[in-house]
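K.L.:
Encoded as structure tokens, here's the structure I'll be asking about.
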Amino acid sequence: MANILEVKHLSKYFKTPNGQLHAVEDVSFSIEKGVTLGVVGESGCGKSTLGRAILGLNEVTDGQVIFEGKDITCAKGKSRKDVRKEMQIIFQDPFSSLDSRMSVSQLIAEPLKITGLVKGKEAIDRRVSELMDTVGLAGRYKLSYPHELDGGRRQRIGIARALAVEPKFIVCDEPVSALDVSIQAQILNLMDDLKKERGLTYIFITHNLSVVKHISNEIMVMYCGCMVEKCAARELFRRPLHPYTKGLLSAIPVPSLHVEHKRILLEGEITSPINPAPGCRFCSRCAYAQEMCRSSAPEPLEVEPGHFVACHCISEINGI
Ligand code: SF4
């Protein structure tokens with residue numbers, strides 16, 4: 391299937407009083423239409439910055455974002471507005487991302503009015519009702535305000551707002567991490583159903599490995615701003631190849647007394663993303679680090695079909 395999104399050598403740096411913070415460093419990947427790409431990594435590894443840079447919410451420092459064959463990296467004015475209809479975001483915290491002075495109906499109608507996609511009070515009202523129905527929000531909440539609803543219902547408003555402009559691609563930035571576990575499953579199932587019904591493509595950003603396993607077709611692992619591994623979700627959980635991914639997955643608890651579970655402890659300091667030294671950013675915590683790891687950063691290589699890993703010693707570590 392054709393790629394809907396290609397990201398080429400994308401970097402995003404921020405100026406800080408202590409130097410330049412390399413939040414995202416030379417990340418390249420592509421997503422086919424209808425696929426969910428899970429992006430995982432520790433807090434502060436650059437996942438959300440990457441999602442925002444793809445959408446143009448953060449100006450990129452270097453690299454390209456190509457959506458449906460069109461370079462949108464520097465899109466401004468009308469072309470950016472057109473792209474916004476196609477690419478949407480669902481935020482982590484449904485409470486702070488919604489204007490508390492607006493009712494549910496006003497919140498869902500807002501993107502319709504801004505984009506001019508639906509005109510006239512009655513047509514907008516009808517569309518709001520349809521969207522509420524799509525995301526499982528009862529019509530009686532139309533005049534309610536966000537503070538009157540629970541987290542799950544607030545997140546349903548966020549999803550309805552994203553769907554209002556009929557996008558093709560959605561960045562879901564930790565959309566369930568602020569919700570109770572029981573509500574998380576409902577929202578994940580809703581998102582999965584919507585994806586199938588509407589042929590949506592998601593980038594699903596999370597630090598929760600169980601969630602990413604449940605929802606993703608492919609997974610990209612990030613460490614300190616860099617992509618370290620990317621492959622099909624099942625393959626990543628079956629046979630992780632990068633030392634960081636191995637450590638990350640070994641932290642998932644196994645709910646059985648009969649299965650021997652070996653936890654890999656990642657010791658050492660996390661590399662600072664401010665003016666980082668050349669070389670592999672995982673060096674200070676990697677049990678396999680060698681001299682060359684300290685001087686040159688590994689490029690992601692396709693070590694098996696569709697399986698990309700950025701590590702100099704991938705063959706020695708995995709015997710491939
Ligand atoms: Fe470890 Fe070197 Fe591979 Fe980095 S490049 S993960 S330091 S072995």
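Numbers given in this note's numbering equal positions in the sequence shown, counted from 1, plus 390.
Where a beta carbon is used, it is the ideal one built from N, C-alpha and C, also for glycine.
As the structure is a prediction and not an experimental result, all values here were calculated from the model.
Where does Phe737 sit, in a helix, a strand or coil, going by DSSP?
P.N.:
Because the chain is modelled from 391 through 710, residue 737 falls outside the range shown and cannot be assessed.
K.L.:
When you compare only the Cα positions, how much space is there between Glu657 and Leu638?
P.N.:
Distance between the alpha carbons of Glu657 and Leu638 is about 12 Å.
K.L.:
Does the Cβ of Pro688 have 16 or more other Cβ atoms within 10 Å, making it buried, or fewer, making it exposed?
P.N.:
So Pro688 counts as buried.
K.L.:
Can Val494 and Met612 be called in contact, C-beta distance under 8 Å?
P.N.:
Going by C-beta atoms, Val494 is not nearer than 8 Å to Met612.
K.L.:
Can the beta-carbon of Ile660 be found closer than 8 Å to that of Leu599?
P.N.:
It is not a contact, given that the beta carbons lie outside the stated cut-off.
K.L.:
Shortest alpha-carbon distance to Ser438 belongs to which of Ala392, Leu580, Ala550, His597?
P.N.:
Checking every option, the nearest Cα to that of Ser438 belongs to His597.
K.L.:
Using a Cβ-Cβ cutoff of less than 6 Å, which residues in the same chain neighbour His399 once the five nearest sequence positions on both sides are dropped?
P.N.:
If we look at His399 and ignore the five residues flanking it on each side, its Cβ neighbours are Asp416, Ser418, Gly453.
K.L.:
Please say whether Asp563 and Gly441 have beta carbons closer to each other than 8 Å?
P.N.:
Closer than 8 Å, so yes.
K.L.:
If you drop the 5 nearest sequence neighbours on each side, which residues of the same chain put their C-beta closer than 7 Å to that of Ser640?
P.N.:
Closer than 7 Å at Cβ, skipping near neighbours: Lys652, Arg653, Ile654.
K.L.:
If you measure between the beta carbons of Val601 and Leu626, is that distance less than 8 Å?
P.N.:
No, Cβ-Cβ distance for Val601 and Leu626 is not below 8 Å.
K.L.:
Which residue from Cys435, Glu422, Gly424, Cys676 puts its Cα closest to that of Tyr403?
P.N.:
The candidate whose alpha carbon is nearest that of Tyr403 is Cys435.
K.L.:
Return yes when at least one heavy atom of the ligand SF4 lies under 7 Å from the C-beta of Ala679, else no.
P.N.:
Yes; taking the cut-off as 7 Å, the Cβ of Ala679 has a heavy atom of the ligand SF4 nearer than that.
K.L.:
How far does the beta strand (DSSP E) with Cys562 in it reach, from first residue to last?
P.N.:
Segment 559 to 563, the beta strand (DSSP E) holding Cys562.
K.L.:
Enumerated in chain order, which unbroken segments of the alpha helix (DSSP H) with a length of 4 residues or greater are wholly contained in the segment 538 to 582?
P.N.:
For the segment 538 to 582, whole alpha helix (DSSP H) runs of length 4 or above, ordered along the chain, are 541 to 554.
K.L.:
Please report the Cβ distance between Ile593 and Val561, rounded to the nearest whole angstrom; I am assuming they are in contact, meaning their Cβ atoms lie under 8 Å.
P.N.:
Contact flag correct, Cβ pair sits at about 5 Å.
K.L.:
In chain order, what residues of the same chain have a beta carbon less than 7 Å from the beta carbon of Val693, not counting five sequence neighbours either side?
P.N.:
Once the five neighbours on either side are set aside, the close Cβ partners of Val693 are Leu631, Val699, Ile704, Ile710.
K.L.:
Whole angstroms are fine: how far does the CA of Leu427 sit from the CA of Met610?
P.N.:
Rounded to the nearest angstrom, the two C-alpha atoms are 7 Å apart.
K.L.:
Do Thr591 and Ile462 have their beta-carbon atoms positioned less than 8 Å apart in this structure?
P.N.:
Their beta carbons are not under 8 Å apart, which means Ile462 does not touch Thr591 by this criterion.
K.L.:
Taking only three categories from DSSP, how would you classify Tyr678?
P.N.:
In the structure shown, Tyr678 sits in coil (DSSP, three-state: anything other than H, G, I, E or B).
K.L.:
When you compare only the Cα positions, how much space is there between Glu556 and Asp515?
P.N.:
Between Glu556 and Asp515, the C-alpha separation is close to 16 Å.
K.L.:
Is it the case that the Cβ atoms of Ile498 and Ala550 are separated by a distance below 8 Å?
P.N.:
Yes, they are a contact pair.
K.L.:
Taking 7 Å as the cut-off, does the CB of His632 come closer than this to any heavy atom belonging to the ligand SF4?
P.N.:
Yes, since a heavy atom of the ligand SF4 falls inside the 7 Å radius drawn around the Cβ of His632.
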